[in-house]
Amino acid sequence: MTRTAAPAPTGTDDPALDVEGLCVDLSTPLGTVRAVDGVSFSVRRGRTLALLGESGCGKSMTALSVVGLLDPAARVTGGAVRVRGSDTLRLSPAERRKLAGPVLSIVFQDALTALNPVQPVGRQIGEAFRIHRGLSRREAREKAIELMTRVGIPEPRERARSYPHQFSGGMRQRLLIAMAVALDPDVLIADEPTTALDVTVQAQIMRLLRDIQNERDMALVLITHDLAVVAQRADDVVIMYAGTVVEKGPVRDVFSAPRHPYTQGLLDSVPEHAVRGRPLPAVPGSPPELSAVPPGCAFQDRCPLVRERCVRERPVLRPAGEGRTTACHFAEELTHA
Amino acid sequence: MPDIRAASAASEASAASAASAATAEAAARPLLEVSGVTKSFGSGRRRLTALDGVDIRLGRGETLGLVGESGCGKSTLARVLLGLERPDAGTVRFDGTDPFALRGKELLAWRRRVQMVFQDPFASLNARMSAAELIGEPWRTHRDVVPTPKAREKRVRELLALVGLRDSDAHRYPGEFSGGQRQRIGIARALALDPDLIVCDEPVSALDLSVQAQVLNVLSELRERLGVAYVFISHDLSVVRYIADRVTVMYLGKVIEHGDTEEVFDRPQHPYTSALMSAAPVLDASRTTADREIQLQGEIPSPFDIPSGCRFRTRCPHAENLCTTEPPPLATRGTTAASGTHTALCHFPLGVAGESAGM
């Protein structure tokens, strides 16, 4: 497939996306809570970074802040989101919109809500070319058909006239991917892209994402709660808990020898290696409400290593081996592997 | 018609020899036997066959894992097991009794024995009822189970303790509980009538991983302490492998493979089972998906338009002409007598050709 105006990376080793100290506040009926608290990570082109965590940990909120699609009840209160050398948080809305598509793009979880139900899908996919590249309706349509072919929609010329509800869940997810990569973004964010799909279709979509990422040398940020998807698909992982990053590093290292008791707890909870008839080593309790995160370490109530210092002093991210960081005072006690 | 209370009345009746023979027979027969169950909805061209000749069997205290993708019929089967959907053909025997032949008091008494745990603990609990009211609600219908208010209060406390909640939780409302705690309330409520079978429809899918393990532990513990049997519906193969004794794999309304959990996972016979297992991502990063994945083409066909012959042939990597023309036979690979057989609905079951040499 020929692409015009392929954006040049700003430098070979520079990150395509660099998020630093991101903070997001969320207004709730009970007052303002901090949903994302000082999250930093960066990802280069061709690499995949996973944001891993359970519901309410702030991973989706982080993704939405990066692409500038936060709910009005949420507000970025600090940090920087750098792409191509500029901090998107300091750009005007109009300048920012110019980045949406050619630089930063997102694939959502729920394809049916993400698509316009009353517009043929071909026109929705082609819209990016009309707005950003000024192509004619006919030219945009041809581009859309080309993209639909690439993502594996059968009979794309005919199907371009169909509406979202006329596609299966897997096909809709393919349409969303087509739309997201239309303008060859440097960075593609995928927010739980396969959660709503059946296992065999999930595998197809993950493969498509991988192939397209390789073809276009994109940076991929994968937002997920699925440890196995991270293990199979990501190079680096950022593990979030109650709005903060608790551990960060190359997936292989983190999963083989975690340096945070929460990571360890998550890995132990996977029934994959469990023996039938023996209890799973579950993490007790559940994550704290954002309005009631305890002072000190947010994980203290569920942690097997907890002691007085954890209640008193909030752990900050610190180096823990090559390319790795942890936010645990006593991470060294986990290095039994 | 056999007395459906035979099992529960067993201990009292053991004096009479005739009754003890009946008891032995009751203990030997499976708790649940479903054979050839077919269920369609709609008519004419808009006729959807959700279940097509489904057989399942479940012993007392056993767990059957029910696996399959959307539209495979697993939820319809669950509804049939609960007596909510009457099959068009085939038989359901619960402890030797056909629940669809029961009426009035007998039907009410039967309903006590089969309960359900739902997927979404947020949608399945009434937000205006306290935990104690939710757990005790089944007793409003089944009044004789726990007759006095005092006994009910005590039983609620026992049930809360069974699922790992505190006494003080009795008077809290669903909004005050986390997802995992709500699911525990759902389980306590299912236990309120001392059922023999609980149908669990994706009971941990809506829960976060760290909480999912807690709820799986509660379910395993209850099985051991109370001897309750589960039909465990899940799309998560690692969960099924952990909890189930036997696995039934469904595809477009048919059981395509059935056998002991270890057997089915270690030596799947049906290409669909094998593909399903290889498609599920695993934690072990050294086994990358690309190396072991069997790629299935396309998606599940519409249940309104089921392919001729073998219904899996449109996506099967091994399909031949025979698969288009002939419905596949049930291939059996006998395991041990105790664990039953391992069956697959396939013309060319996997591993069978090489079996004599390999095993």
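Chains A and B, in that order, are what the protein sequence lines are. Taking our numbering, the leading residue of the first sequence gets 107, the next gets one more, and so forth. Taking our numbering, the leading residue of the second sequence gets 9, the next gets one more, and so forth. Note that beta-carbon positions come from the ideal geometry of N, C-alpha and C, so glycine has one too.
Query                                                                                                                                                                                         : Result
Identify every run of the alpha helix (DSSP H) within the segment 143-196 of chain B, keeping only runs that are complete inside it and at least 4 residues long; order them along the chain. : 146-149 and 157-170
Who pairs with R101/B in a beta bridge, going by DSSP?                                                                                                                                        : E41/B
When the Cα of G188/B is compared with those of L133/B, L92/B and R160/B, which residue comes out closest?                                                                                    : L133/B
Taking a cut of 9 Å between CB atoms, which residues from the segment 356-371 of chain A lie near chain B?                                                                                    : V357, R358, F361, S362, Y368 and G371
What do you get for E353/A, buried or exposed, if any count of 16 or more other CB atoms within 10 angstroms of its CB means buried?                                                          : buried
Quick one, are the C-beta atoms of L40/B and L66/B less than 8 Å apart?                                                                                                                       : yes
Quick one: list the residues of chain B neighbouring G276/A, beta-carbon separation under 8 Å, in chain order.                                                                                : E307
What does a CB cutoff of less than 6 Å around Q123/B pick up in its chain, not counting 5 residues either side in sequence?                                                                   : A198, P203 and I206
Would a C-beta distance cut-off of 8 Å place G258/A and A246/A closer than the cut-off?                                                                                                       : no
Would you call V332/A buried or exposed, if buried means 16 or more other Cβ atoms sit within 10 Å of its Cβ?                                                                                 : A small fix is needed here, since residue 332/A is Asp in this sequence, not Val. Buried, since its Cβ has 16 or more Cβ neighbours within 10 Å.
According to DSSP, is G61/B helix, strand or coil?                                                                                                                                            : strand
Restricting to Cα atoms, I'd like to know which of G174/A, S192/A and R140/A is closest to D124/A.                                                                                            : S192/A
DSSP state of L353/B, grouped into three classes?                                                                                                                                             : strand
Please list, in chain order, the residues of the segment 305-334 of chain A that have any C-beta partner in chain B closer than 9 Å.                                                          : V305, T306, V307, Q308, A309, Q310, M312, R313, R316, H331, D332, L333 and A334
Would you verify that the beta carbon of V239/B is, or is not, closer than 8 Å to some beta carbon of chain A?                                                                                : no
May I ask you to list, following chain order, the residues of the segment 376-393 of chain A that have a beta carbon less than 8 Å from some beta carbon of chain B?                          : V376, P377, E378, H379, A380, R382, G383, P385, L386, P387, A388, V389, P390, S392 and P393
Please tell me whether L173/B has its Cβ less than 8 Å away from any Cβ of chain A.                                                                                                           : no
Run through the DSSP bridge pairs and tell me what T256/B is partnered with.                                                                                                                  : L74/B and H266/B
In chain order, which continuous runs of the alpha helix (DSSP H) of length 4 or greater are located wholly inside the segment 213-261 of chain A?                                            : 217-220, 227-239 and 243-256
Using a Cβ-Cβ cut-off of 8 Å, state whether S161/A counts as contacting chain B.                                                                                                              : yes
Taking 8 Å as the cut-off, decide whether the C-beta atoms of G81/B and G359/B are in contact.                                                                                                : no
Using a Cβ-Cβ cut-off of 8 Å, state whether A250/A counts as contacting chain B.                                                                                                              : no
Is C163/A helix, strand or coil when you go by DSSP?                                                                                                                                          : coil
Ordered along the chain, which non-local residues of its own chain (more than five positions away) have a Cβ less than 8 Å from that of F126/B?                                               : S132, G194, D209 and P211
Could you name the residues of chain A that S246/B contacts, counting a contact when the two beta carbons are closer than 7 Å?                                                                : V376, P377 and E378
Please report the Cβ distance between S148/A and G127/A, rounded to the nearest whole angstrom; I am assuming they are in contact, meaning their Cβ atoms lie under 8 Å.                      : Actually they are not in contact, since the Cβ atoms of S148/A and G127/A sit about 12 Å apart, beyond 8 Å.
Name the chain C residues whose beta carbon is nearer than 7 Å to that of Q279/A?                                                                                                             : Protein chains A and B are contained in the structure displayed, whereas chain C is not.
Looking only at its own chain, which residues have a Cβ that is under 7 Å from the Cβ of M324/A, when we skip the five neighbours before and after it?                                        : R151, P291, D292, V293 and L294
Which one of F356/B, N329/B and A135/B has the shortest CA to CA distance from S2/B?                                                                                                          : No answer is possible for residue 2/B: the residues shown for chain B start at 9 and end at 367.
Just to confirm, is the Cβ distance from R166/A to I311/A under 8 Å?                                                                                                                          : The displayed chain sequence assigns Ser, not Arg, to residue 166/A. No. Outside cutoff.
Once the 5 residues before and after C318/B are set aside, which same chain residues still bring their CB inside 6 Å of it?                                                                   : C331 and P336
Which residues, taken in chain order from the segment 213-240 of chain B, show a beta carbon closer than 8 Å to some beta carbon of chain A?                                                  : D216, L217, S218, V219, Q220, A221, Q222, L224, N225, S228 and E229
What would DSSP say about R424/A, mapped onto helix, strand or coil?                                                                                                                          : strand
Quick check on K113/B: does DSSP put it in helix, strand or coil?                                                                                                                             : helix
Is there a Cβ of chain A sitting closer than 8 Å to that of S83/B, yes or no?                                                                                                                 : no
For P390/A, count the other beta carbons within 10 Å of its own beta carbon; 16 or more makes it buried, fewer makes it exposed. Which is it?                                                 : exposed
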